[in-house]
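Novice: Just passing along the structure, written as C-alpha coordinates.
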Amino acid sequence: MRLSSMADYAVVTMCAAARHCGGMRVSAAELAAETGLPAPTVQKLVSKLTAAGLLRSVRGVGGGLQLARPAAAITIADIVEAVEGPIALTACVEHGKHDCALERTCTVRPHWGAVNNAMRGALASIALTDLSTPFVPSEVETPSPARPLDFARSERNFV
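Just so you know, we're using the numbering used here here: the sequence shown kicks off at 116 and counts up by one.
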(Lines of atoms letter the chains of each structure in order from A and count residues from 1; the text may use other names and numbers.)
(Lines give C-alpha, C1' and ligand atoms only; values in the text may rest on other atoms or scores of the structure.)
Protein backbone atom coordinates (compact mmCIF):
# COMPACT_ATOMS: atom_id res chain seq x y z
CA MET A 1 0.00 0.00 0.00
CA ARG A 2 1.22 3.47 -0.82
CA LEU A 3 -0.26 6.79 0.20
CA SER A 4 -1.27 9.16 -2.55
CA SER A 5 0.90 12.23 -3.02
CA MET A 6 -1.87 14.40 -1.58
CA ALA A 7 -2.13 12.29 1.59
CA ASP A 8 1.66 12.38 1.94
CA TYR A 9 1.68 16.17 1.43
CA ALA A 10 -1.13 16.55 3.96
CA VAL A 11 0.98 14.79 6.60
CA VAL A 12 3.97 17.00 5.73
CA THR A 13 1.78 20.13 5.93
CA MET A 14 0.27 19.11 9.27
CA CYS A 15 3.73 18.38 10.68
CA ALA A 16 4.82 21.88 9.70
CA ALA A 17 1.68 23.35 11.29
CA ALA A 18 2.34 21.31 14.45
CA ARG A 19 5.78 22.85 14.78
CA HIS A 20 4.02 26.23 15.04
CA CYS A 21 1.51 25.16 17.70
CA GLY A 22 1.19 26.88 21.02
CA GLY A 23 -1.16 29.58 19.81
CA MET A 24 1.05 30.81 16.99
CA ARG A 25 -0.71 31.12 13.66
CA VAL A 26 0.89 30.49 10.29
CA SER A 27 -0.25 31.27 6.76
CA ALA A 28 -0.68 28.75 3.98
CA ALA A 29 2.08 30.60 2.10
CA GLU A 30 4.43 30.13 5.07
CA LEU A 31 3.57 26.43 5.23
CA ALA A 32 4.27 26.13 1.51
CA ALA A 33 7.63 27.86 1.88
CA GLU A 34 8.58 25.78 4.91
CA THR A 35 7.64 22.45 3.32
CA GLY A 36 8.74 23.20 -0.25
CA LEU A 37 5.28 22.27 -1.54
CA PRO A 38 3.58 24.39 -4.22
CA ALA A 39 1.32 27.07 -2.70
CA PRO A 40 -1.79 25.93 -4.67
CA THR A 41 -1.32 22.40 -3.32
CA VAL A 42 -1.03 23.67 0.25
CA GLN A 43 -4.13 25.86 -0.25
CA LYS A 44 -6.11 22.81 -1.43
CA LEU A 45 -4.86 20.74 1.50
CA VAL A 46 -5.58 23.50 4.02
CA SER A 47 -9.15 23.62 2.74
CA LYS A 48 -9.61 19.86 3.20
CA LEU A 49 -7.85 19.78 6.57
CA THR A 50 -9.94 22.70 7.83
CA ALA A 51 -13.17 21.06 6.62
CA ALA A 52 -12.13 17.89 8.49
CA GLY A 53 -11.64 19.87 11.71
CA LEU A 54 -7.87 19.39 11.87
CA LEU A 55 -6.91 23.00 11.16
CA ARG A 56 -8.60 26.21 12.24
CA SER A 57 -8.49 29.33 10.11
CA VAL A 58 -8.62 32.76 11.74
CA ARG A 59 -9.19 35.84 9.55
CA GLY A 60 -7.98 39.36 10.02
CA VAL A 61 -4.95 40.95 11.64
CA GLY A 62 -3.01 38.25 13.47
CA GLY A 63 -4.98 35.63 11.61
CA GLY A 64 -3.76 32.49 9.97
CA LEU A 65 -3.89 28.77 10.52
CA GLN A 66 -3.42 26.73 13.64
CA LEU A 67 -4.14 23.19 14.72
CA ALA A 68 -7.78 22.75 15.70
CA ARG A 69 -6.77 20.46 18.56
CA PRO A 70 -3.49 19.45 20.21
CA ALA A 71 -1.01 17.65 17.95
CA ALA A 72 -1.06 14.66 20.30
CA ALA A 73 -4.81 14.30 19.61
CA ILE A 74 -4.39 14.23 15.81
CA THR A 75 -3.40 10.94 14.22
CA ILE A 76 -2.02 10.01 10.84
CA ALA A 77 -5.31 8.20 10.21
CA ASP A 78 -7.18 11.49 10.78
CA ILE A 79 -5.00 13.27 8.24
CA VAL A 80 -5.16 10.53 5.60
CA GLU A 81 -8.94 10.28 5.94
CA ALA A 82 -9.31 14.06 5.63
CA VAL A 83 -7.72 13.86 2.19
CA GLU A 84 -8.58 10.35 0.94
CA GLY A 85 -11.76 9.42 2.75
CA PRO A 86 -12.12 6.22 4.78
CA ILE A 87 -9.04 4.01 4.90
CA ALA A 88 -9.74 0.88 2.87
CA LEU A 89 -7.37 -1.34 0.91
CA THR A 90 -10.10 -2.56 -1.41
CA ALA A 91 -13.18 -0.82 -2.78
CA CYS A 92 -15.41 -3.89 -2.53
CA VAL A 93 -16.17 -3.28 1.14
CA GLU A 94 -17.47 0.26 0.50
CA HIS A 95 -21.22 0.71 0.19
CA GLY A 96 -22.27 1.09 -3.42
CA LYS A 97 -18.88 -0.04 -4.81
CA HIS A 98 -19.52 -3.41 -6.38
CA ASP A 99 -17.58 -3.53 -9.62
CA CYS A 100 -15.47 -6.61 -8.93
CA ALA A 101 -15.81 -9.58 -11.27
CA LEU A 102 -15.23 -11.94 -8.32
CA GLU A 103 -17.90 -10.45 -6.07
CA ARG A 104 -20.31 -13.42 -6.22
CA THR A 105 -17.68 -16.06 -5.52
CA CYS A 106 -15.09 -14.19 -3.45
CA THR A 107 -14.32 -15.85 -0.14
CA VAL A 108 -11.93 -13.11 0.95
CA ARG A 109 -14.37 -10.17 0.77
CA PRO A 110 -15.92 -10.83 4.21
CA HIS A 111 -12.46 -10.53 5.78
CA TRP A 112 -11.39 -7.21 4.24
CA GLY A 113 -13.18 -5.30 7.00
CA ALA A 114 -10.77 -6.73 9.58
CA VAL A 115 -7.79 -5.92 7.37
CA ASN A 116 -8.99 -2.36 6.83
CA ASN A 117 -9.59 -1.92 10.57
CA ALA A 118 -6.08 -3.15 11.31
CA MET A 119 -4.61 -0.71 8.79
CA ARG A 120 -6.62 2.18 10.21
CA GLY A 121 -5.66 1.13 13.74
CA ALA A 122 -1.98 1.19 12.85
CA LEU A 123 -2.25 4.71 11.40
CA ALA A 124 -4.43 5.83 14.31
CA SER A 125 -1.73 4.75 16.76
CA ILE A 126 0.69 7.35 15.40
CA ALA A 127 0.09 10.85 16.71
CA LEU A 128 1.10 13.95 14.79
CA THR A 129 3.59 14.69 17.58
CA ASP A 130 5.43 11.46 16.69
CA LEU A 131 6.23 12.80 13.20
CA SER A 132 6.60 16.51 13.92
CA THR A 133 9.46 16.16 16.38
CA PRO A 134 13.03 16.10 15.09
CA PHE A 135 14.19 12.73 13.81
CA VAL A 136 17.27 11.22 15.45
CA PRO A 137 19.19 9.36 12.69
CA SER A 138 21.46 7.53 15.14
CA GLU A 139 18.52 5.27 16.07
CA VAL A 140 18.24 3.85 12.55
CA GLU A 141 20.34 0.86 11.64
CA THR A 142 21.64 0.35 8.14
CA PRO A 143 21.48 -3.26 7.02
CA SER A 144 24.60 -4.87 5.66
CA PRO A 145 24.87 -8.08 3.66
CA ALA A 146 26.60 -9.72 6.62
CA ARG A 147 24.03 -8.51 9.19
CA PRO A 148 20.38 -8.08 8.11
CA LEU A 149 18.27 -5.42 9.74
CA ASP A 150 16.36 -6.55 12.84
CA PHE A 151 12.88 -5.23 11.97
CA ALA A 152 11.40 -6.14 15.33
CA ARG A 153 13.87 -3.87 17.09
CA SER A 154 13.80 -0.96 14.64
CA GLU A 155 10.19 -1.09 13.40
CA ARG A 156 9.19 2.18 15.09
CA ASN A 157 11.69 4.08 12.96
CA PHE A 158 9.95 3.10 9.73
CA VAL A 159 6.32 3.75 10.61
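From the three backbone atoms N, C-alpha and C, an ideal C-beta is built for every residue, glycine too.
At what residues does the beta strand (DSSP E) containing residue 173 begin and finish?
Specialist: The residue labelled residue 173 in the question sits at position 58 within the sequence shown. Here the beta strand (DSSP E) through residue 173 covers 170-173.
Novice: Hey, out of 181, 151, 122 and 222, whose CA is closest to residue 142's CA?
Specialist: Position 27 of the sequence shown, counting from 1, holds the residue named residue 142. Residue 142 has its Cα closest to that of 181, out of 181, 151, 122 and 222.
Novice: Which term fits residue 223, buried or exposed, when burial requires 16 or more other beta carbons within 10 angstroms of its beta carbon?
Specialist: Start at 1 with the first residue of the sequence shown, and residue 223 comes out as number 108. With fewer than 16 other Cβ atoms within 10 Å, it is exposed.
Novice: Identify the residues that DSSP records as bridge partners of residue 242: which are they?
Specialist: Your numbering for residue 242 matches position 127 in the sequence shown. According to DSSP, residue 242 bridges with 190.
Novice: For a quick check, are the C-beta atoms of residue 197 and residue 169 less than 7 Å apart?
Specialist: Here residue 197 corresponds to residue number 82 of the sequence shown, with the count starting at 1. Here residue 169 corresponds to residue number 54 of the sequence shown, with the count starting at 1. Yes. Within cutoff.
Novice: Could you name the residues of the same chain whose beta carbon sits closer than 8 Å to that of residue 116, not counting the 5 residues immediately before and after it, in chain order?
Specialist: Translated into positions along the sequence shown, residue 116 becomes position 1. Counting only Cβ-Cβ distances below 8 Å, and skipping sequence neighbours, we find 204 and 234.
Novice: Under DSSP, the alpha helix (DSSP H) around residue 160 begins and ends at which residues?
Specialist: Counting from 1 along the sequence shown, the entry for residue 160 is found at position 45. Looking at the DSSP string, the run of the alpha helix (DSSP H) that includes residue 160 is 154-166.
Novice: Taking only the alpha-carbon atoms, compute the straight-line gap between residue 239 and residue 246 and give it to the nearest angstrom.
Specialist: Within the sequence shown, numbered from 1, the residue matching residue 239 stands at position 124. Within the sequence shown, numbered from 1, the residue matching residue 246 stands at position 131. Roughly 13 Å separates the two Cα atoms.
Novice: From the DSSP secondary-structure annotation, give me the bridge partner or partners of residue 180.
Specialist: Residue numbering aside, residue 180 sits at position 65 when the sequence shown is read from its first letter. According to DSSP, which records beta bridges pairwise, residue 180 is partnered with 141 and 172.
Novice: From this set, 136, 153, 189 and 167, which residue's C-alpha is nearest residue 200's C-alpha?
Specialist: As a first step, residue 200 must be located in the sequence shown, where it is residue number 85. The shortest Cα separation from residue 200 among 136, 153, 189 and 167 belongs to 167.
Novice: Using 8 Å for Cβ pairs, my map puts residue 195 next to residue 122. What's the rounded Cβ distance?
Specialist: Counted from its first residue, the sequence shown places residue 195 at position 80. Counted from its first residue, the sequence shown places residue 122 at position 7. 5 Å between Cβ atoms; contact.
Novice: Near residue 191, what residues of its chain come up, given a Cβ to Cβ distance below 6 Å and the 5 sequence neighbours on each side ignored?
Specialist: Here the question's residue 191 lines up with position 76 in the sequence shown. Cβ within range, chain order: 238 and 241.
Novice: Rounded to whole angstroms, what's the CA-CA distance from residue 120 to residue 244? Just pull it up for me.
Specialist: Your numbering for residue 120 matches position 5 in the sequence shown. Your numbering for residue 244 matches position 129 in the sequence shown. Rounded to the nearest angstrom, the two C-alpha atoms are 21 Å apart.
Novice: Do you know how far the Cα of residue 193 is from the Cα of residue 207?
Specialist: Counting from one through the sequence shown, the residue named residue 207 turns up at place 92. Counting from one through the sequence shown, the residue named residue 193 turns up at place 78. Looking at the two C-alpha atoms, the distance is approximately 22 Å.
Novice: Count the other C-beta atoms from every protein chain shown that fall within 10 angstroms of the C-beta of residue 154, then say buried if there are 16 or more, exposed otherwise.
Specialist: Locating residue 154 in the sequence shown gives position 39, where the first residue counts as 1. Residue 154 should be labelled exposed.
Novice: Could you have a look at residue 247 and say whether DSSP puts it in helix, strand or coil?
Specialist: For this step, residue 247 is matched to residue 132 along the sequence shown. If DSSP states are grouped into helix, strand and coil, residue 247 belongs with the helices.
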